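I have placed the structure first, in the form of structure tokens, so that the comments after it can refer back to it.
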Amino acid sequence: MEIGQPDFPTPINIIEAAYKAMKDGHTGYCPSAGVPEFREVVAQHITEMRGVTIHPDEVTVTPGAKPIIFFTILALIDEGDEVIYPEPGFPVYESVIDFIGGKAVPLHLREEVGFRFRLEDLEAAISDRTKLLILNSPQNPTGGTLTPEDLEAIAELAQKHNFYVLTDEVYSRILYEGKHDSILSLPGMKERTILIEGHSKTYAMTGWRLGYGIAPQAIADKITRLTINSNSCTATFTQLAGIEALTGPQTSVTQMVSEFQKRRDAIVDGLNAIEGVSCIKPLGAFYVFPNVTQLPISCEALADYLMEEADVALLPGTSFGKYGDGYLRLSYANSLDNIQEALGRMETAISKL
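Numbered according to UniProt numbering, the sequence shown terminates at residue 353, and the numbering increases by one at each position without gaps.
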């Protein structure tokens, strides 16, 4: 229950598009910023989905979305600059900030507000050294989502205090209620926002390594320069398959999200039935973040115990920062049968504590 990747196969039309591209000879180097045709399709896709006009030159393609995190922080942050990031959150945020020599400032995501942050916590975290705020919605590891009101308040603060926003939206299509909202869509934010997106989660393409960033031209150029001097480019045939993913049938996405919703409901109900465990229902992504503070051992000890006693692999909340203490993260990118089996084993093991 610990792996954060869809357990569905990549749709066959995408596989066939990659195979055709390889047979047609698209197996060599390509421009470091990405194949022009793919960048054009991505620009059009984001324009339609986020309601703001994107030019292909503002798109940088990378092998997976993670390099956009790394390259953005490399491009923007000098030693001593402060970066506010969500916690509990994707561990890469803090590790890259530390690696660059920036100051990592955690922003507490609180269970009592649906694993969002309080506006007053964000205001208190901002200083005259704040250069960048990282957002992630829908969120890993909690499945929480930011509201339109949250985003409007963030946009106002970003413009008032003149900092950039790196918004990680790789789970934007895995949403169970309402529609996805992006800070990129708000007035005055395009020029100070870097959007992270990719194909791994939406199209079950984790091993294909296909992601991209949308950024103001000057920042996109710097990200491209870093790409040139690191991974050179993203595989050409993968990008051509990515075109088919965005322009072809979307039924696989709809079906996958529908199945994830069934699994979400089952795992939340099952966790809440275990004495000493409580779990709120996430609105997006494919993770639950149950509260285990009522149990007599720490979340780290509990994760080890469940592995050894019940053969259930999951992660302690502290894998995602100090504010994850007292929680576990489980991925429900697994079959309903396996989820039910895991819940039964967990209930039996926890009852012995």
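The beta-carbon is built from N, C-alpha and C at its ideal position, and this holds for glycine as well. For clarity, every value in this text was computed on a predicted model and none was experimentally measured.
- Residue state for PRO316 is assigned as strand, using DSSP reduced to three classes.
- In the displayed model, TYR327 falls within a strand according to three-state DSSP.
- Between VAL170 and LYS201, the CB-CB gap stays under 8 Å.
- In the DSSP assignment, ALA104 is bridged to VAL83.
- The residues GLU82, ILE84, ALA125, in chain order, have a CB closer than 6 Å to that of VAL105 in the same chain once the five nearest residues on each side in sequence are set aside.
- A residue is called buried once 16 or more other Cβ atoms fall within 10 Å of its Cβ, and LEU353, having fewer, is exposed.
- The secondary-structure analysis by DSSP pairs VAL288 across a beta bridge with LEU330.
- ARG264 places its beta carbon 8 Å or farther from that of TYR327.
- Here VAL277 is buried: its Cβ has 16 or more other Cβ atoms, across all protein chains shown, within 10 Å.
- By the neighbour-count criterion, in which 16 or more other beta carbons inside 10 Å mark a residue as buried, ALA273 falls on the exposed side.
- DSSP places THR147 outside both helix and strand once states are collapsed to three, so it counts as coil.
- The DSSP-derived three-state label of GLU16 is helix.
- GLY51 sits away from SER230, with the two beta carbons spaced by 8 Å or more.
- Judged by beta-carbon spacing, ASP181 lies within the 8 Å limit of PRO148, meaning their Cβ atoms are closer than that value.
- Taking each of ASN136, PRO290, THR224, THR62 in turn and checking the Cα distance to GLN239, the smallest one comes out for THR62.
- Sorting ALA235, HIS161, LEU302 by C-alpha distance to the C-alpha of MET346 places LEU302 at the top.
- Cβ neighbours of GLU40 within its own chain (closer than 8 Å, five residues either side excluded): PRO56.
- Of the residues assessed, ILE73 falls on the buried side of the cut-off, its CB having 16 or more other CB atoms within 10 angstroms.
- Within 10 angstroms of the beta-carbon of PRO316 lie 16 or more other beta-carbons, which makes it buried.
- Boundaries of the beta strand (DSSP E) around LEU132: 130 to 136.
- Taking the Cβ atoms as the reference, LYS20 lies roughly 41 Å from ILE77, outside the contact range of under 8 Å.
- In the structure shown, ARG173 adopts coil according to DSSP, grouped into three states.
- THR60: member of the beta strand (DSSP E) spanning 59 to 62, first to last residue.
- Around the beta carbon of GLY321, 16 or more other beta carbons lie within 10 angstroms, which makes this residue buried.
- Judged by DSSP in its simplified three-state form, TYR305 adopts helix.
- Residues of the same chain with a CB within less than 7 Å of the CB of MET1, apart from the 5 flanking positions on each side, are VAL312, ALA313, LEU314, LEU330, SER331, ASN334, ALA342 in chain order.
- With a cut-off of 8 Å on Cβ pairs, the region 88 to 104 is not in contact with the region 207 to 226, counting fewer than three such pairs.
- Closest in alpha carbon position to LYS103, among LEU109, PHE115, LEU133, LYS160, is LEU133.
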